[in-house]
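A quick write-up on the structure given underneath.
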Amino acid sequence: MSEAVKETWSPVGHEYTAELGRLKEMVGACMQCGTCTASCPNGFAMDVTPRVMWRMVQFGMLDEIYASHTYWMCSACYTCTLRCPRGLPLTSSMASLKRLAMLSGKGKKDGAFYKAFMENVEAHGRVQEVGMMSNYFFKRMDNPALPFQFIPLGMKMMGKGKMHMPGGGQGAILRPMFEKARELEGLS
């Protein structure tokens, strides 16, 4: 392998290229009917509609996609996938966008919440809000004042019994499932 190739080659680069190829293949047949956008229960909160996002993928507008928060808003309810007249795996495409954003390094800020949530569920078997948010704020060290903005909401939730304190949990039951998912995604 030449020195120039050695300098530019990285496993992350090849993983990114392969993931991008899979994504383009998944949405390549999108006919822009808008059914995904009309079906999405989180569509109202998205800054770019799913239909527009798929067109952006087709045109290779990745920087614009990463600047959006749409793919992080996807709750993986599969409504778009179930209603797509072409049968495209749109929910999987949103997950692919999350992976691409993290691989590119451009999704760390928004990906911090996703990562904190998944780590918390794996550890406790359900969401332990206090631990999850602490982990999230630790990952988001870019804004030290961020945790203080959520104190009133946390207090209100505690007062209504909606906050689950750390402890107990069934994390050991779910751990094999998370390990298998990492294995299938090639992350183990």
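The working numbering applies: residue 21 is where the sequence shown begins, and numbers increase by one. Ideal Cβ placement from N, Cα and C applies to all residues, glycine included.
By how many angstroms is the C-alpha of residue j removed from the C-alpha of residue i?
i	j	result
K126	I85	10 Å
M73	A121	14 Å
L82	K180	42 Å
L110	L173	33 Å
K159	G33	24 Å
T37	R119	12 Å
P8	C94	Since the first residue of the chain shown is 21 and the last is 208, residue 8 is not available in this structure.
G80	T101	22 Å
K200	F168	37 Å
Is the beta carbon of residue j closer than 7 Å to that of residue i?
i	j	result
M66	T90	yes
N140	V150	no
T99	S59	yes
M215	M177	Residue 215 cannot be examined here, being either before or after the span of the chain that is shown, 21 to 208.
What does a CB cutoff of less than 7 Å around residue i pick up in its chain, not counting 5 residues either side in sequence?
i	result
T57	G63, T69, P70 and R71
C53	P105
V267	With the chain covering 21 to 208 only, the question about residue 267 has no answer from this structure.
E142	G191, L194, R195 and F198
E35	L123
C97	P61
L166	F157 and R160
Which same chain residues end up closer than 8 Å to residue i when comparing Cβ atoms and leaving out the 5 residues on each side of it in sequence?
i	result
F170	M153
Hey, out of the options, whose CA is closest to residue i's CA?
i	options	result
K44	C53, A143 and R75	R75
M138	L40, D162, L194 and C97	L194
G41	L117, N163 and T111	L117
E39	S95, A115 and S88	A115
K135	L166, P164, A165 and W92	W92
Looking only at its own chain, which residues have a Cβ that is under 6 Å from the Cβ of residue i, when we skip the five neighbours before and after it?
i	result
S133	Looking at the sequence shown, residue 133 is not Ser but Phe. Same-chain partners within the cutoff: Y156.
R103	T55 and S59
G131	M122
A87	none
A49	R106
Would you say residue i touches the ligand GTP, meaning its beta carbon is less than 6 Å from a heavy atom?
i	result
C104	The ligand GTP is absent from the structure shown, which contains no ligands of any kind.
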